[in-house]
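Enquirer:
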Amino acid sequence: MLEVSQVTAGYGAFTALWDVSLRVASGEAVAVVGPNGAGKTTLLRAISGLIAPRAGRITFEGTQLAGRPAYDIVAHGIAHVPEGRRLFPLLTVAENLKMGAFLPSARAHFRESLERVHTLFPVLAERRLQRAGSLSGGEQQMLAVGRALMSRPKLILFDEPSMGLAPVMVLRLFDLIGRVREEGYTILVVEQNVRQVLKLVDRAYLLEVGRIKVEGRAADLAEQDFVRQAYVGL
Amino acid sequence: MIDPIFILEAVVNGILLGGVLALLALGLNLIFGVIDIVWIAYVDLVALCMYAVYFLVALYGWPLWLAGVGSIGVGALLGVLVHLLIITPILSSPPINQLLATGGLLFFIQSVATLLWSTDHRSLRVDLPTIELGGIFISFTRLLAFGLSILAMTALYLFLKRTYTGTAIRAVSQDREAIALMGARPQRLYLVTSAVGGAMAGVAGALLIIQYAVHPYFGGAFGPLTFMICVLGGLGNMVGAFFAAFIMAQIISVGGVMVSTEMGYVIAFVVFIVLMFVRPGGIFAKRG
Amino acid sequence: MTALRVVGLVALAAIVLVPFLPLGAAQEYIWHVIIQIFLWSLVGNAWSLMGRFGLVSLGHGAFLGVGAYATVLFWNFFGMTPWLGATLAVLLTVAFALVVAYPCSRFQVVGHYFGLVTLAVGEVIRLLIVAERDWTGGSLGVSLKTVSTASDWWTLQFADKRVFYYVGMAAWLFGLWVWWRVDRSMARSAMEAIGEDETAAASVGIRVTRFKMGITALSAALTALGGALLALYLAYANPDTLSGIGVSLRIVFAVVLGGMYSLLGPFVGTALTIALSEYLRIYFGIKLIGIAETIYGLLLIIFIIFLPAGIYGSIADALRRRLTRSPAVVART
Numbered sequence: 001m002l003e004v005s006q007v008t009a010g011y012g013a014f015t016a017l018w019d020v021s022l023r024v025a026s027g028e029a030v031a032v033v034g035p036n037g038a039g040k041t042t043l044l045r046a047i048s049g050l051i052a053p054r055a056g057r058i059t060f061e062g063t064q065l066a067g068r069p070a071y072d073i074v075a076h077g078i079a080h081v082p083e084g085r086r087l088f089p090l091l092t093v094a095e096n097l098k099m100g101a102f103l104p105s106a107r108a109h110f111r112e113s114l115e116r117v118h119t120l121f122p123v124l125a126e127r128r129l130q131r132a133g134s135l136s137g138g139e140q141q142m143l144a145v146g147r148a149l150m151s152r153p154k155l156i157l158f159d160e161p162s163m164g165l166a167p168v169m170v171l172r173l174f175d176l177i178g179r180v181r182e183e184g185y186t187i188l189v190v191e192q193n194v195r196q197v198l199k200l201v202d203r204a205y206l207l208e209v210g211r212i213k214v215e216g217r218a219a220d221l222a223e224q225d226f227v228r229q230a231y232v233g234l
Numbered sequence: 235m236i237d238p239i240f241i242l243e244a245v246v247n248g249i250l251l252g253g254v255l256a257l258l259a260l261g262l263n264l265i266f267g268v269i270d271i272v273w274i275a276y277v278d279l280v281a282l283c284m285y286a287v288y289f290l291v292a293l294y295g296w297p298l299w300l301a302g303v304g305s306i307g308v309g310a311l312l313g314v315l316v317h318l319l320i321i322t323p324i325l326s327s328p329p330i331n332q333l334l335a336t337g338g339l340l341f342f343i344q345s346v347a348t349l350l351w352s353t354d355h356r357s358l359r360v361d362l363p364t365i366e367l368g369g370i371f372i373s374f375t376r377l378l379a380f381g382l383s384i385l386a387m388t389a390l391y392l393f394l395k396r397t398y399t400g401t402a403i404r405a406v407s408q409d410r411e412a413i414a415l416m417g418a419r420p421q422r423l424y425l426v427t428s429a430v431g432g433a434m435a436g437v438a439g440a441l442l443i444i445q446y447a448v449h450p451y452f453g454g455a456f457g458p459l460t461f462m463i464c465v466l467g468g469l470g471n472m473v474g475a476f477f478a479a480f481i482m483a484q485i486i487s488v489g490g491v492m493v494s495t496e497m498g499y500v501i502a503f504v505v506f507i508v509l510m511f512v513r514p515g516g517i518f519a520k521r522g
Numbered sequence: 523m524t525a526l527r528v529v530g531l532v533a534l535a536a537i538v539l540v541p542f543l544p545l546g547a548a549q550e551y552i553w554h555v556i557i558q559i560f561l562w563s564l565v566g567n568a569w570s571l572m573g574r575f576g577l578v579s580l581g582h583g584a585f586l587g588v589g590a591y592a593t594v595l596f597w598n599f600f601g602m603t604p605w606l607g608a609t610l611a612v613l614l615t616v617a618f619a620l621v622v623a624y625p626c627s628r629f630q631v632v633g634h635y636f637g638l639v640t641l642a643v644g645e646v647i648r649l650l651i652v653a654e655r656d657w658t659g660g661s662l663g664v665s666l667k668t669v670s671t672a673s674d675w676w677t678l679q680f681a682d683k684r685v686f687y688y689v690g691m692a693a694w695l696f697g698l699w700v701w702w703r704v705d706r707s708m709a710r711s712a713m714e715a716i717g718e719d720e721t722a723a724a725s726v727g728i729r730v731t732r733f734k735m736g737i738t739a740l741s742a743a744l745t746a747l748g749g750a751l752l753a754l755y756l757a758y759a760n761p762d763t764l765s766g767i768g769v770s771l772r773i774v775f776a777v778v779l780g781g782m783y784s785l786l787g788p789f790v791g792t793a794l795t796i797a798l799s800e801y802l803r804i805y806f807g808i809k810l811i812g813i814a815e816t817i818y819g820l821l822l823i824i825f826i827i828f829l830p831a832g833i834y835g836s837i838a839d840a841l842r843r844r845l846t847r848s849p850a851v852v853a854r855t
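Chains as they are written, first to last, in our numbering: chain A, 1 to 234; chain B, 235 to 522; chain C, 523 to 855.
1. Taking 7 Å as the CB-CB cut-off, is residue 11 of chain A touching chain B?
2. When you compare each of A:204, A:154, A:98, A:133 to residue 192 of chain A by their alpha carbons, which one comes out closest?
3. So does the region 601 to 615 of chain C actually touch the region 736 to 756 of chain C, counting three or more Cβ pairs closer than 8 Å?
4. Is there at least one Cβ from chain C nearer than 7 Å to residue 251 of chain B's Cβ?
5. Would the region 202 to 218 of chain A and the region 179 to 186 of chain A be scored as touching if the rule is three or more Cβ pairs under 8 Å?
6. Does residue 16 of chain A get closer than 7 Å to chain B when you measure Cβ to Cβ?
7. What whole-angstrom Cβ distance do residue 575 of chain C and residue 737 of chain C have, given they're in contact under 8 Å?
8. Quick one: is residue 66 of chain A buried, meaning 16 or more other Cβ sit within 10 Å of its Cβ, or exposed?
9. Just mark residue 109 of chain A as buried or exposed, buried being the case when its beta carbon has 16 or more other beta carbons within 10 Å.
10. State yes or no: is the C-beta of residue 250 of chain B within less than 7 Å of the C-beta of residue 376 of chain B?
11. Are at least three pairs of beta-carbons, each pair with one atom in the region 289 to 303 of chain B and one in the region 458 to 468 of chain B, less than 8 Å apart?
12. Taking 7 Å as the threshold (beta carbon to beta carbon), is residue 60 of chain A in contact with chain B?
13. Under 6 Å Cβ to Cβ from residue 433 of chain B, same chain only, skipping five residues before and after it: list those, please.
14. Where in the region 28 to 105 of chain A do unbroken runs of the beta strand (DSSP E), each at least 3 residues long, occur, reported from the N-terminal end onward?
15. What are the boundary residues of the alpha helix (DSSP H) that residue 401 of chain B is part of?
16. Of all the residues that make up the region 399 to 427 of chain B, which are near chain A by a beta-carbon distance shorter than 7 Å?
17. For residue 75 of chain A, which of A:63, A:84, A:85 has the nearest alpha-carbon?
18. How many angstroms separate the CA atom of residue 28 of chain A from the CA atom of residue 178 of chain A?
19. In chain B, which residues lie with their C-beta within 9 Å of the C-beta of residue 771 of chain C?
20. So, with DSSP's three-state summary, where would you put residue 610 of chain C?
21. Closer than 9 Å by beta-carbon distance: list the chain B residues that pair up with residue 76 of chain A, in chain order.
22. Taking a cut of 7 Å between CB atoms, which residues from the region 617 to 642 of chain C lie near chain B?
23. State the CB to CB distance for the pair residue 269 of chain B and residue 321 of chain B, rounded to an integer number of angstroms; the pair is presumed to be in contact (CB under 8 Å).
24. When you compare only the Cα positions, how much space is there between residue 313 of chain B and residue 820 of chain C?
25. Report buried or exposed for residue 106 of chain A, applying the criterion of at least 16 other Cβ atoms within 10 angstroms of its Cβ.
26. How about residue 647 of chain C: is its C-beta nearer than 7 Å to some C-beta of chain B?
27. Anything in chain B within Cβ reach of residue 816 of chain C, meaning under 7 Å, just list it in chain order.
28. Which residues in chain C have a C-beta closer than 7 Å to the C-beta of residue 510 of chain B? List them in chain order.
29. Buried or exposed for residue 127 of chain A, please, with buried defined as at least 16 other CB atoms from any protein chain shown within 10 angstroms of its CB.
30. Kindly indicate which three-state DSSP category residue 856 of chain C falls into: helix, strand or coil?
31. Return yes when the Cβ of residue 339 of chain B is within less than 7 Å of the Cβ of residue 438 of chain B, no when it is not.
32. Would residue 700 of chain C count as contacting chain B if we go by Cβ distances under 7 Å?
33. Closer than 7 Å, Cβ to any Cβ of chain B: which residues of the region 80 to 98 of chain A, in chain order?
34. Which parts of the region 736 to 799 of chain C are runs of the alpha helix (DSSP H), unbroken and 4 residues or longer, counting only runs that do not cross its ends?
35. Figure out for me which residue from C:826, C:813, C:844, C:843 has the closest Cα to the Cα of residue 231 of chain B.
36. Taking residue 666 of chain C and residue 594 of chain C to be in contact with their CB atoms under 8 Å, please state how far apart those CB atoms are, rounded to whole angstroms.
In structure tokens form, the structure reads like this:
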């Protein structure tokens, strides 16, 4: 479904990704792990269009996406749950979700999408009129995911979803992402919490200093070596 | 001492004035809150709309209400032009450059107006009755203008609260990248904001031309006042500006009756300066 | 850079000698224009002392107005010699500036807010002048009471424009000297640090409030001096030409046009705007009122967008880069 080929990207004079290639098949759940500063966030930003890659190709369901602006890429079916959630703090929960459905194609199915999100995350229905900025960390993460679902995507990018959450919340969160996956969405997760995320996904890539070092099935990689490598990199 | 009935009348007139000032402030605030640029020339755009209404009625014989609608269109068009031609190139310049660019626009508008229409004061004589309510005399024109401003502000509120675009405009001022991830184009949202801000100027223009005479330096008269109201309410804070408008209008109106018209303004401005020092973020400071 | 210095000295000599050059029938007019350029450049330099450090004032008309009106009124009502009157006017303006600057500095009123507060202050002064029409003549302005038609150093009224030429020139040069001293002082580094990050500057021990107030006071003093001299020269003061937002914006425009960060920028900008205005006035006569301003406004917009360093600033930068061809030098942002 998604094919990233030899992408090089960065900010200004700084290059964060070097010749990175990865693939996500339809229906799969894939993780990209690695230490801080490895370029994981840059990778997602390049896919979702927040930055343009300097070299390489990004193909999604046959369409070339590299270099296109973010508002165009989401219209092709890729939703990005950004690092730090990036909710609209002064808007209510309901308004945040509404913004998620900004695309004309999403608006047409607004009611349906909203119901689905409310079923997945009942707390969002309860706190409809509450300002997003006043929610707890866990609730904010749920809202961020719900908001992404409102655009009726095919592929969802999760950028460090466990960041800033208490350990108990982290478990719940991965549980929820698992449920999202079960609903039929294809998932690409970027995470530092290697152990947890490997339980969730089919395959994983290890990204270090902007390059893919290891790639493999989650079950195989959940051995000591790989995990140790990722943590030592920290 | 002054007969209390005059003070009461001044209070009422202050409220009526407040309505129109609030409308002016809201348009300016909308643009600043979203795009983060102060249109120093905003009230001069209002003056252009006043001229538009004047000429549509006086020269082309349009009925007033139609000219008012036309004014909204003119205002929206001006908003779009200003955004595309002047604002877009300086979006990432330092604040001083932004202030100067729109300041240059102020000069430009005032002088083009002098060039085209001379410094003559032009007003539209609207013969509407004066209502008497328990001893106070209220101009129906002012009442009408007040009512229409409230209507316009309500429409703006509904637009921002209920519609997708309106909510997106509020969102883009909070997180520009995030709204792009939802499929909205920030640049387009800015354009719509400018158009709406301009349309508000158009409404204000239509409401002002029936109360005041327009001349090229009209912006110099109402401009500083409008900025002060915005700053007092907290730049970018729509609700704050709304209340600040009424506060300033009261000071001007009552001060005007108790001392003199100019001193009414002086007192209002001095109060503004004092309040700025007491609460630099505006008296309703909400934004960080 | 000695070539530049020679050119500078020659230019200075030329300026000094102008009143003695045979310029024909229009000579009084030319002197008049140059005197205006001197005095408005002084004001421009004064403004740029604040503007270059990020304290963008849109209300310098206030300082100009207080300086001008105080001088005139001290003479008209109290017969006070302008030597004393102007000095008092300047001190008054400085006191006023400190009163406004203290809360601004203390409460960190910066950027947009600062611009708008100064705008308000400028308007307050203008309105006060108009409101107190019994003393100030309101919107009609006030004329300096003339003593006689002769030249008189006591009252600083001169029949011969040339005296004022040199007075103006001296004042302008004085302003340049002050600007230059500030440019080379510790104050400059401190103010630049403050301009970039006030909190950081304060944490390094820079007395932010003190510096800000100092610069404001200096700027106000020089502006007031300019205002006083303008009023004395024109023997007339009017609230719209010497206070209010129009004047304030015009000052800013001239400085930005010429270049805010350079010594002679304000002079170049002022000379250009005044020359342009005079030229247009002659060319169009009274036929097209407002054409000068229209062109100003258009130019200001265009300059802000394309040449933020101003004409002089951009040329100076380009020249400096040419003359100091050194690949090892990292560009100063």
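All C-beta atoms in this analysis are idealised placements derived from N, C-alpha and C, irrespective of residue type, glycine included.
Expert: Reading it off the structure:
1. No, residue 11 of chain A does not count as interfacial toward chain B.
2. Shortest Cα-Cα distance from residue 192 of chain A to any of A:204, A:154, A:98, A:133 involves A:204.
3. The region 601 to 615 of chain C and the region 736 to 756 of chain C touch, with no fewer than 3 CB-CB distances between them shorter than 8 Å.
4. False, the Cβ-Cβ gap to chain C never drops below 7 Å.
5. No, the region 202 to 218 of chain A is not in contact with the region 179 to 186 of chain A.
6. It does not: the Cβ of residue 16 of chain A has no partner Cβ on chain B nearer than 7 Å.
7. Yes, they are in contact, since the Cβ atoms of residue 575 of chain C and residue 737 of chain C sit about 7 Å apart, within 8 Å.
8. Only buried fits residue 66 of chain A, as 16 or more other CB atoms lie within 10 angstroms of its CB.
9. Taking all protein chains shown into account, residue 109 of chain A has fewer than 16 neighbouring C-beta atoms within 10 Å of its C-beta and is therefore exposed.
10. In contact: residue 250 of chain B and residue 376 of chain B (Cβ atoms closer than 7 Å).
11. Short answer: they don't touch.
12. Contact with chain B is absent for residue 60 of chain A, since none of that chain's Cβ atoms lies less than 7 Å from the residue's Cβ.
13. Only 306, 309, 310 meet the Cβ criterion.
14. Those beta strand (DSSP E) runs which fall completely within the region 28 to 105 of chain A and span 3+ residues are 29 to 33, 55 to 60, 78 to 81.
15. Where residue 401 of chain B is concerned, the enclosing alpha helix (DSSP H) stretches over 398 to 406.
16. Those residues of the region 399 to 427 of chain B that come within reach of chain A (Cβ to Cβ, closer than 7 Å) are 401, 402, 404, 405, 408, 409, 411, 412, 413, 414, 415, 416, 417, 418, 419.
17. Nearest C-alpha to residue 75 of chain A: A:63.
18. Cα to Cα, residue 28 of chain A sits roughly 11 Å from residue 178 of chain A.
19. From the beta-carbon of residue 771 of chain C, the residues of chain B found nearer than 9 Å are 274, 334, 337, 338, 340, 341.
20. In the structure shown, residue 610 of chain C sits in a helix (DSSP, three-state: H, G or I).
21. Here the premise fails: no neighbours, minimum Cβ distance about 10 Å.
22. The region 617 to 642 of chain C vs chain B, Cβ under 7 Å: 625, 629, 630, 631, 633, 634, 635, 637, 638, 639, 641, 642.
23. Contact annotation, residue 269 of chain B with residue 321 of chain B: C-beta distance approximately 7 Å; criterion of less than 8 Å satisfied.
24. If you draw a straight line from the Cα of residue 313 of chain B to the Cα of residue 820 of chain C, it comes to about 17 Å.
25. The residue is buried, with at least 16 neighbouring Cβ atoms inside 10 Å.
26. With 7 Å as the cut-off, residue 647 of chain C does not count as an interface residue toward chain B.
27. Within chain B, the residues placing a beta-carbon under 7 Å from that of residue 816 of chain C are 342, 345, 346, 349, ordered along the chain.
28. The contacting residues are 631, 639.
29. It is buried - the Cβ of residue 127 of chain A has at least 16 other Cβ atoms within 10 Å.
30. No answer is possible for residue 856 of chain C: the residues shown for chain C start at 523 and end at 855.
31. Going by C-beta atoms, residue 438 of chain B is not nearer than 7 Å to residue 339 of chain B.
32. It does not: the Cβ of residue 700 of chain C has no partner Cβ on chain B nearer than 7 Å.
33. For the region 80 to 98 of chain A, the beta-carbon criterion of a distance under 7 Å to any beta-carbon of chain B is satisfied by 80, 82, 86, 88, 89, 90, 91, 95, 98.
34. Complete alpha helix (DSSP H) runs here, min 4: 761 to 764, 767 to 780.
35. Outside the shown range of chain B, which is 235 to 522, sits residue 231 of chain B, and nothing can be said about it.
36. The distance from the Cβ of residue 666 of chain C to that of residue 594 of chain C is about 5 Å, consistent with a contact at the 8 Å cut-off.
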